[in-house]
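Here the sequence shown is numbered in the UniProt record's numbering, starting from 1 and rising by one per residue. Using N, Cα and C, we set each Cβ at its ideal position, and we do this for glycine too. Below you'll find the structure, written out as structure tokens, and then a few comments.
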Amino acid sequence: MATTDETPVLEDIDRGASLQAAYWSMFAIASVFFLLRVWARCIKRIFVAEDALLAAGWICLLTAGILLHHGVSHGGARHFIFLSPEQKLLALKLQFIVLVIGIASTTFGKVAVGLTILRIVSNTTAHNWKKTAVLITMVLTVSCSIIDILLLTFQCRDPRVLWDLEIAATAQCVDKRVPAEFNTFTAAFHTFTDFFYSFLAMIIVWGLNMSLKKRLSLMAVLGLTIVTGIACAFKTHLSAKLVKQSGDRTWDPYDLYIWAGVEAMLILVCGSIPALRPLWQLFRGQGYGYKYDSSGYAARGGGTKLVNPRENNNSTRGMLYGTKSHQAQVTDTELGNLATLGSPTPRKIGTPMSTENDDISGSLEGIQVVTEVNVTRSASQRGRL
């Protein structure tokens with residue numbers, strides 16, 4: 001009686017070159033936008049926590065790229081059965097490290113976006129559901145990522161079991177579906193985070209009293225994380241699909257690598273675009289003005305500032321005269337930077353202020369928007385006053 005072999009015939013194909021090309025292309029695009037963000041920050045002479053978080057994400061993306069490049073150069077993108085024992089050990093070890101770094105990279109980026117949204121929300125009333133929702137989402141995002149990394153790392157008593165097949169047979173581990181499914185859950189929550197931040201930012205902008213064109217422009221810029229959410233959703237689908245596959249540990253994750261790289265790239269790109277307004281002004285020849293920073297020195301960076309009407313009127317007075325009051329300090333609100341998308345309209349001194357053509361006017365849940373005016377006076381003028 002003849003027997004049939006149901007095992008599919010595999011060819012020893014190496015997809016390493018295509019994976020390397022795709023990953024480094026995405027890294028190059030992300031690096032361009034991230035460096036443009038740094039340039040814009042240097043123009044304004046202001047750096048905030050979001051910049052440090054995106055820088056950490058960029059470093060993680062670079063580190064993961066180096067390790068991935070090294071791994072696929074030694075068979076990490078071939079069918080597992082064709083690898084030597086040494087190649088299998090190296091491929092699985094680097095695969096695990098890249099996975100952990102990838103989780104950290106996306107977490108840094110999502111927290112950075114969350115801080116940007118929180119900076120916008122904080123310019124509304126002091127206590128509201130939006131601020132609380134953003135804080136809870138940020139905490140849950142970080143918590144899920146930390147638990148995910150811990151489950152992946154310590155699913156066995158000896159972490160070496162994850163890449164050393166010789167000791168895997170006698171190792172004591174939890175059910176492998178537990179860390180795998182929680183990793184899928186973390187990716188799904190990251191997807192929710194992206195969409196939540198996008199829609200919340202668009203809700204805030206839609207409530208501003210400005211022209212429809214400017215509202216739509218702001219919504220397009222601040223809602224870019226929707227694109228990141230779509231990439232994260234594809235990554236989540238592939239992660240869930242891999243959980244159900246027993247199979248090829250070096251061949252199957254190829255598409256997951258690609259979409260994880262797309263997500264990490266989009267986090268840096270979409271997270272950097274809202275901060276590029278100073279470069280837009282510079283290249284259009286508008287200049288970027290000067291404002292006083294917290295040290296009292298003139299700092300570059302035009303735009304508007306969102307002021308809570310409940311603050312003491314002395315705050316506004318100090319801002320008008322360029323003093324070092326707390327409210328006169330430069331606050332890096334992305335919404336404020338993006339609000340004046342049109343060219344400023346000159347207004348003669350003494351001319352009544354019209355709200356019709358102002359870049360931003362009106363209020364949003366208690367926000368009053370005023371244009372900063374810096375007045376310099378000579379020593380003799382100050383003496384007469």
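Asked	Found
Evaluate residue 283 with the Cβ neighbour count: other Cβ atoms within 10 Å of its Cβ, from every protein chain shown; 16 or more gives buried, anything less gives exposed.	exposed
Around the Cβ of residue 70, are there at least 16 other Cβ atoms within 10 angstroms (buried) or fewer (exposed)?	exposed
Between residue 161 and residue 56, what straight-line distance do the alpha-carbon atoms span, to the nearest angstrom?	29 Å
Roughly how many whole angstroms lie between the Cα atoms of residue 174 and residue 107?	25 Å
Excluding sequence positions up to five away, which residues of its chain have a Cβ less than 6 Å from the Cβ of residue 352?	For residue 352, the pLDDT reaches just 43, beneath the cut-off of 50, and the residue's location in the model is therefore unreliable, although a value from the coordinates is still provided. Excluding residues within five positions, none has a Cβ falling inside 6 Å.
Within this structure, are the beta carbons of residue 239 and residue 223 separated by less than 9 Å?	no
Please work out which residues of its chain come closer than 8 Å, Cβ to Cβ, to residue 265, disregarding the five sequence neighbours upstream and downstream, and give them in chain order.	26, 27, 29, 30 and 61
By DSSP's criteria, residue 156 is part of a beta bridge. Which residues make up the other side?	173
Thinking C-beta only, is residue 49 closer than 9 Å to residue 75?	no
Check whether the segment 223-235 and the segment 185-197 touch, using three or more Cβ-Cβ pairs below 8 Å as the test.	yes
Residue 163 to residue 89, Cα distance in whole Å?	5 Å
From residue 267 to residue 109, what distance separates their C-alpha atoms?	6 Å
Whole angstroms is fine: what's the gap from residue 99's alpha carbon to residue 179's?	12 Å
Between which two residues does the alpha helix (DSSP H) containing residue 59 stretch?	49-73
Using only CA atoms, which one of 121, 111, 64 and 39 lies nearest to residue 93?	64
For residue 150, does the count of other Cβ atoms within 10 angstroms reach 16, so buried, or fall short, so exposed?	exposed
Rounded to whole angstroms, what is the Cα-Cα separation between residue 41 and residue 207?	28 Å
If I follow the unbroken alpha helix (DSSP H) through residue 245, where does it start and stop?	First-last for residue 245: undefined, no H or E at that position.
So, residue 137 versus residue 114, is the Cβ gap smaller than 9 Å?	yes
Identify the continuous alpha helix (DSSP H) that holds residue 80 and give its terminal residues.	Note, residue 80: premise wrong, no alpha helix (DSSP H); not H, not E.
For residue 120, name the three-state secondary structure that DSSP assigns.	helix
Which class does residue 9 belong to by DSSP, given the choice of helix, strand or coil?	coil
For a test of the three-state rule: what should DSSP assign to residue 14, helix, strand or coil?	coil
Whole angstroms are fine: how far does the CA of residue 121 sit from the CA of residue 21?	40 Å
By Cβ distance below 6 Å, which residues in the same chain neighbour residue 395 in space, the five residues on each side in sequence not counted?	In the structure as shown, the chain begins at 1 and stops at 385. Residue 395 is therefore absent and cannot be evaluated.
Relative to the C-alpha of residue 260, which residue among 39, 183 and 158 is closest?	183
What does a CB cutoff of less than 6 Å around residue 153 pick up in its chain, not counting 5 residues either side in sequence?	159
Confirm, please, whether the CB-CB distance from residue 249 to residue 95 is below 9 Å.	yes
For residue 118 versus residue 77, is the C-beta spacing smaller than 9 Å?	no
In three-state terms, what does DSSP make of residue 46?	coil
Would you mind sorting residue 52 into buried or exposed? The rule is 16 or more other CB atoms within 10 Å of its CB.	exposed
So, under 8 Å CB-CB, residue 36 and residue 276 are touching, yes? Tell me the CB distance rounded to an integer number of Å.	6 Å
Would the beta-carbon of residue 270 fall within 9 Å of that of residue 225?	yes
Take the Cβ of residue 32 as the centre, count every other Cβ of all protein chains shown within 10 Å, and call the residue buried at 16 or more, exposed below.	exposed
Would you mind reading off the limits of the alpha helix (DSSP H) that contains residue 277?	277-283
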